[in-house]
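A quick write-up on the structure given underneath.
Protein chains: 2
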Amino acid sequence: MGYKHSIEEILDIGYDVLRKNGYHNVGVNQILKEAGIPKGSFYNFFESKEDFAIKVVNRYGESNAKWMEVFFENPQLSPMESLKSFYKFMIDTNEKDEFLSGCIVNNMSIEIGRISDTMATSANEQFLSWLDILASVVQKGQELKEITTKFTALEIAEYLHAGFYGTFSRMKVTRNRKYMDIWYKLSFEFIKA
Amino acid sequence: MGYKHSIEEILDIGYDVLRKNGYHNVGVNQILKEAGIPKGSFYNFFESKEDFAIKVVNRYGESNAKWMEVFFENPQLSPMESLKSFYKFMIDTNEKDEFLSGCIVNNMSIEIGRISDTMATSANEQFLSWLDILASVVQKGQELKEITTKFTALEIAEYLHAGFYGTFSRMKVTRNRKYMDIWYKLSFEFIKA
DNA sequence: ATCAAATTAGACCGAACAGTCTATTTTTAA
DNA sequence: TTAAAAATAGACTGTTCGGTCTAATTTGAT
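Chains A and B supply the protein sequences, listed in that same order. Under our numbering, think of the first position of the first sequence as 1, with each following residue one higher. Under our numbering, think of the first position of the second sequence as 1001, with each following residue one higher.
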């Protein structure tokens, strides 16, 4: 029947805590409290707080990539439509928690990307896996002449990713979706074939 | 002849320290050390670390706005050219410190925008002042038919700002300018009239 | 010259930090 | 059934944190 806690369960709770609070603004003790585990279990599973945060990012990154794969398999939507639907969903998701959290990989990258090479590497790997998926959708859109072929699919994916992520800082200080909606409107108009 | 230290001098050193290290990753003692001031002076000038960080952000924001005003007054460049030149300069600036720091207002927004309402308000005010300046340049470009009139000048300014800021997280984890260059190439192609 | 105000100076404080340690319990494998 | 291994449990540690406090010094105003 296994032990009381699993690494995965702790990582999932860690995802919520770290996404909301960032890295340095939350202590290991608070993570333990929210996860309901003793310190011994935490340091049995993880080498350090940094190791924990990296594993949280990797788990989220991989699970998000899988979710994206499934999302973009939807045959009811064209590539362009599915990209719009994807980002609309992302904006709506941020609205649900009142624009306070953003993306954990972005938050970790900005806060500790500079001081933790291992975090930087992990964050980059997760970004790249997402960008690959986005690029393959863009490419399909280009083949169907929905999306401009002026630039490569990966360039357009990078462009979409950058734009969306840039709205996070405005979102966090204004706490509304106005700027995300502006980005959405302009970007999808611009990448039209 | 005045006292040994001035608020402005401490804020300027604080700008470097906070931009590089973020908020929670640097202690007040380290700031004192780098600025060469005793703790008594710090807490004589500032109510708290948070108050200090907010004043750093405001000072930088205002000085950057003034710099932007001057930059965009250059009569040798057209509006579109000056926008491109501005962002090229920004990318080059980040390259100079090895892509490790980014923008202090972005960093503070992402890290503590959620937990400090006053920081969020200040960051937003600075962003807005920059966006106003960008929007006025965009508008001139629209009047000269250099820039698309499909969207308002402020929308295009928000769009440029978001895109550029989004490249910071990729920059911080890859430590190169590739993604900033992609964003630059696509964005300025897209906003052409 | 005098005095109040501002600045300088750094020792000091309780709280919180990440991480260690030992003991105990539970599970798995032999 | 038993021994090893893994997980649970939380008290404890040394360090660093933001912030306070008192005293000395410097400055500007009168």
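Backbone N, C-alpha and C define an ideal beta-carbon position, used for all residues, glycine too. Since we're looking at a predicted model, the values are computed, not measured.
8 Å or more divides the Cβ of B:Val1026 from the Cβ of A:Ala120. In terms of Cα proximity to B:Phe1164, the closest of B:Lys1140, B:Ser1063, B:Glu1034 and B:Ser1187 is B:Ser1187. Scanning chain B for C-beta atoms nearer than 7 Å to the C-beta of A:Phe151 yields Leu1186, reported in chain order.
In the displayed model, A:Ile147 falls within a strand according to three-state DSSP. For the segment 152-169 of chain A, the set of positions with a beta-carbon nearer than 8 Å to some beta-carbon of chain B reads Glu155, Ile156, Glu158, Tyr159, His161, Ala162, Gly163, Phe164, Tyr165, Gly166, Thr167, Phe168 and Ser169 in chain order. In the DSSP assignment, the residues bridged to A:Lys192 are A:Ile147.
Within chain B, no residue has its beta carbon less than 9 Å from that of A:Trp130; the closest one is some 11 Å off.
Any Cβ of chain B closer than 8 Å to the Cβ of A:Ile115 would place that residue at the interface, and such an atom is present. A direct Cα-to-Cα measurement between B:Gly1014 and B:Ile1037 gives close to 12 Å. Leaving aside the five residues that flank B:Asn1058 on each side, the residues in its chain whose CB is nearer than 6 Å to its CB run, in chain order, Ser1122. Counting the other Cβ atoms within 10 Å of the Cβ of A:Ser101 gives 16 or more, which makes it buried. Taking a Cβ-Cβ cut-off of 9 Å, the neighbours of B:Glu1189 in chain A comprise Lys150, Phe151 and Phe190, given in sequence order. In the DSSP annotation of this structure, the continuous segment of the alpha helix (DSSP H) that includes B:Ser1169 starts and ends at Ala1153 to Thr1174.
Neighbours of A:Leu100 in chain B, taken as residues at a C-beta separation under 8 Å, are given in chain order as Arg1114.
Counting only runs that start and end inside the segment 1016-1087 of chain B, the alpha helix (DSSP H) elements of at least 4 residues fall at 1028-1035, 1039-1045 and 1049-1073.
For the segment 63-91 of chain A, there are no residues whose beta carbon sits under 9 Å from a beta carbon of chain B. The alpha-carbon of B:Met1108 is positioned some 18 Å away from that of B:Glu1047. The segment 1078-1092 of chain B makes contact with the segment 1133-1141 of chain B: 3 or more CB pairs, one atom from each, lie closer than 8 Å.
Collapsing the DSSP output to three states places A:Tyr179 in a helix.
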